[in-house]
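UniProt numbering puts the sequence shown at residues 1 to 444. Here is the structure we will look at.
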Amino acid sequence: MTTAPTLVWFRDDLRIADHPALHAAADRGAPVIACYLLDEHGEGVRAPGGAARWWLHHSLAALRDELAELGVPLVLRRGPAVELLPALVAEAGADAVLWNRRYSPARAIDARLKSALREAGVDARSFPGDVLAEPQDVRTGSGTPYRVFTPFWNGLRDRPVASPLPAPDALTGADAPGGDALEAWGLLPTRPDWSGGLRAAWAPGEAAALARLEEFAGELDGYAERDLPAVDASSRLSPRLRWGELSPRQVWHRIRAAGGPQSEPFLRELGWREFFRHTLFHEPDLATRNLKPAFDRFPWAEPDPTELTAWREGRTGLPLVDAGMRELWATGTMHNRVRMSAASFLIKNLLVDWRVGEQWFWDTLVDADEASNPGNWQWVAGSGQDAAPYFRIFNPERQAARFDPDARYIRRWIPEYGTDAYPAPIVDLAATRERALAAYDTIR
């Protein structure tokens with residue numbers, strides 16, 4: 001048995017249960033050191049936005065405490081992973097480095113590190129990450145990646161999904177090299193501290209994530225009302241999955257075990273998350289490039305600063321859009337039905353390039369990830385794979401009448417709704433709809 005320590009590199013997998021790399025480290029029987037490297041500028045890396053940084057701070061604090069209970073130190077360092085990881089291996093005297101795979105463009109860093117570490121005689125290995133199936137294993141009959149969701153889902157839903165691995169009962173820690181203090185990273189907002197709504201809405205960390213999964217599994221029948229934003233029927237698991245406090249395997253098996261008529265609709269939504277992850281694996285510029293080249297010719301309008309600010313601050317005069325944008329700013333999330341209306345309004349009624357909205361959501365969502373965020377924006381814009389047709393334009397007034405008929409959701413977030421203090425609409429919905437359709441005609 002080796003006595004040199006094993007280094008486990010944590011990334012967007014801030015948990016100890018169903019953590020294949022940590023499980024493999026336990027199997028090696030050697031002392032374990034954990035590390036998290038805040039690499040914000042590496043190849044293919046997209047630095048987290050403000051709300052996501054808030055979540056990361058608290059999730060790392062929770063992970064640090066969980067690992068400490070197992071006797072394992074968590075070393076924090078900030079900078080380029082291609083430099084920091086080999087240096088940490090040398091300082092720790094580690095003979096193995098283990099991590100869970102990521103499927104974003106940053107996997108180029110992992111490939112370089114794996115090659116360099118192995119050449120140096122270090123056992124560098126990676127394990128399945130935050131997917132139900134590896135992207136290279138889910139393909140069409142002709143061997144190409146799926147571009148349409150339904151056949152992708154049909155190909156995925158009946159595949160065996162690995163059972164979640166248990167958390168290690170015990171690990172042996174090792175003397176670890178020094179690292180940064182989490183507080184020194186400045187991930188939390190100050191001057192001003194705008195995170196009060198986030199603190200009120202969320203409790204990051206694996207323990208809270210597992211508790212929420214159990215709670216949701218026990219109330220799964222209520223998911224039938226998920227399209228009603230005034231009803232608390234959504235799973236609220238999205239940021240847990242984004243930061244890896246839960247694995248998709250854990251969610252898949254728990255919801256299947258719960259059963260009932262709503263398990264399939266929820267798992268289908270988990271399938272959309274998977275679809276966008278596989279899309280990002282094959283299309284690494286998902287956040288910057290129209291997947292349908294015709295949209296490269298689309299005549300986007302130059303954003304009007306006043307209109308754009310009104311959209312961001314929830315002052316468009318369209319109550320459902322405004323309520324959603326205020327919910328987003330306050331809590332770092334937004335009801336999915338409302339997200340579609342808010343995104344459609346920006347893209348189609350204001351004729352603003354979807355990438356502008358995607359960047360705003362990237363900065364304000366606690367669950368913003370590199371696959372689902374641009375994937376959903378391209379879906380609304382019509383420029384992505386298996387996207388809604390561009391001429392599908394959500395009318396926020398009709399959406400409100402259908403899904404929030406008593407304005408319960410709207411009044412929750414817009415206390416001045418129905419008074420003279422609430423502004424008139426900044427655009428005419430019918431006129432801007434016709435303008436959007438005319439713009440689309442130019443690229444058909």
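By construction, the Cβ of each residue, glycine as well, lies at the ideal position given by its N, Cα and C atoms. Quantities reported herein were computed from a predicted structural model and do not represent experimental measurements.
Cα-Cα separation between residue i and residue j, rounded to whole angstroms
i      : j      : result
PHE276 : PRO135 : 10 Å
THR309 : ARG77  : 36 Å
ALA124 : THR172 : 20 Å
ALA258 : GLU269 : 16 Å
SER372 : GLU283 : 13 Å
THR333 : GLN359 : 14 Å
ASP296 : GLY93  : 51 Å
ASP130 : ASP404 : 34 Å
PRO73  : ASP18  : 19 Å
ILE443 : GLU83  : 46 Å
THR316 : ALA323 : 10 Å
ALA81  : LEU7   : 14 Å
ALA30  : GLY71  : 13 Å
ALA47  : LEU182 : 17 Å
LEU156 : ILE426 : 44 Å
ASN290 : ASP95  : 44 Å
ALA25  : ILE16  : 12 Å
ARG147 : PHE391 : 20 Å
VAL75  : LEU38  : 11 Å
TRP99  : ALA111 : 12 Å
GLU66  : ARG242 : 19 Å
LYS292 : GLY375 : 12 Å
ARG408 : ASP227 : 14 Å
GLU434 : TRP379 : 20 Å
PRO151 : GLY141 : 11 Å
ASP274 : ARG159 : Residue identity check: residue 274 is Glu in the sequence provided, not Asp. One C-alpha to the other measures close to 13 Å.
Reference residue i, options the options, closest by Cα
i           : options                        : result
TRP194      : ALA51, ILE426, ALA208          : ALA51
GLU69       : ASP39, ASP169, ALA25           : ASP169
GLY121      : LEU22, VAL89, PRO396           : VAL89
ASP304      : ASP322, PRO293, ASP353, SER263 : ASP353
THR364      : GLY197, ILE347, TRP272         : GLY197
ALA439      : SER341, ALA301, ALA81          : ALA301
ALA217      : GLU264, PHE10, GLY186, GLU307  : GLU264
CYS35       : GLU119, SER142, LEU132, GLY179 : GLY179
VAL366      : GLN399, SER142, ALA330, ASP285 : ALA330
TRP413      : LEU328, SER344, PRO20, ASP39   : LEU328
GLU40       : ARG53, PRO189, SER341          : ARG53
ILE33       : ALA4, GLN378, LEU351           : ALA4
LEU237      : GLU397, PRO261, TRP202         : TRP202
residue 505 : LEU98, PRO248, ALA200, PHE266  : Residue 505 lies beyond the stretch modelled for the chain, which goes from 1 to 444, so this question has no answer here.
PRO432      : ARG408, ALA24, ASN395          : According to the sequence as given, residue 432 is Thr; it is not Pro. The candidate whose alpha carbon is nearest that of THR432 is ASN395.
PRO299      : LEU351, ALA133, TRP153, ALA208 : LEU351
ALA294      : ALA133, HIS58, SER383          : SER383
PRO105      : PRO20, VAL380, ASP369          : ASP369
ARG249      : VAL231, LEU210, GLY222         : LEU210
ALA381      : SER341, PRO415, TYR409, GLY418 : SER341
GLY42       : GLU66, LEU113, LEU60           : LEU113
LEU22       : GLY49, TRP55, LEU63            : LEU63
THR279      : VAL45, PRO145, GLY79, SER234   : PRO145
LEU132      : ASP428, TRP153, ASP285         : TRP153
DSSP-derived helix/strand/coil call for residue i
i           : result
GLY222      : helix
GLY317      : coil
GLY178      : coil
GLY173      : strand
ALA233      : coil
SER195      : coil
GLU283      : coil
ASP363      : helix
residue 483 : Outside the shown range of the chain, which is 1 to 444, sits residue 483, and nothing can be said about it.
ASP441      : helix
SER142      : coil
TYR409      : helix
THR419      : coil
GLY244      : coil
GLU258      : The sequence given here has Ala at residue 258, not Glu. Three-state DSSP puts ALA258 in a helix.
ALA388      : coil
ASP137      : helix
ILE347      : helix
Supposed close pair residue i, residue j - CB separation, criterion 8 Å
i      : j      : result
VAL338 : PRO229 : 5 Å
PRO86  : LEU117 : 7 Å
PHE127 : ARG107 : Contact flag wrong, Cβ pair sits at about 13 Å.
ALA436 : ASN336 : Contact doesn't hold; Cβ gap of about 22 Å is too wide.
VAL251 : LEU213 : 6 Å
ALA400 : PRO319 : 6 Å
GLY244 : ASP13  : 4 Å
Cutoff 7 Å: residue i Cβ touching any chain B Cβ
i     : result
PRO48 : The structure shown contains no chain B; it is built from a single protein chain.
Just list the alpha helix (DSSP H) runs in the UniProt domain "Photolyase/cryptochrome alpha/beta" (4-132), keeping only unbroken ones of 4 residues or longer that don't cross its boundaries, in chain order. 20-28, 50-69, 81-92, 107-119
Identify every run of the alpha helix (DSSP H) within the segment 289-334, keeping only runs that are complete inside it and at least 4 residues long; order them along the chain. 305-313, 319-331
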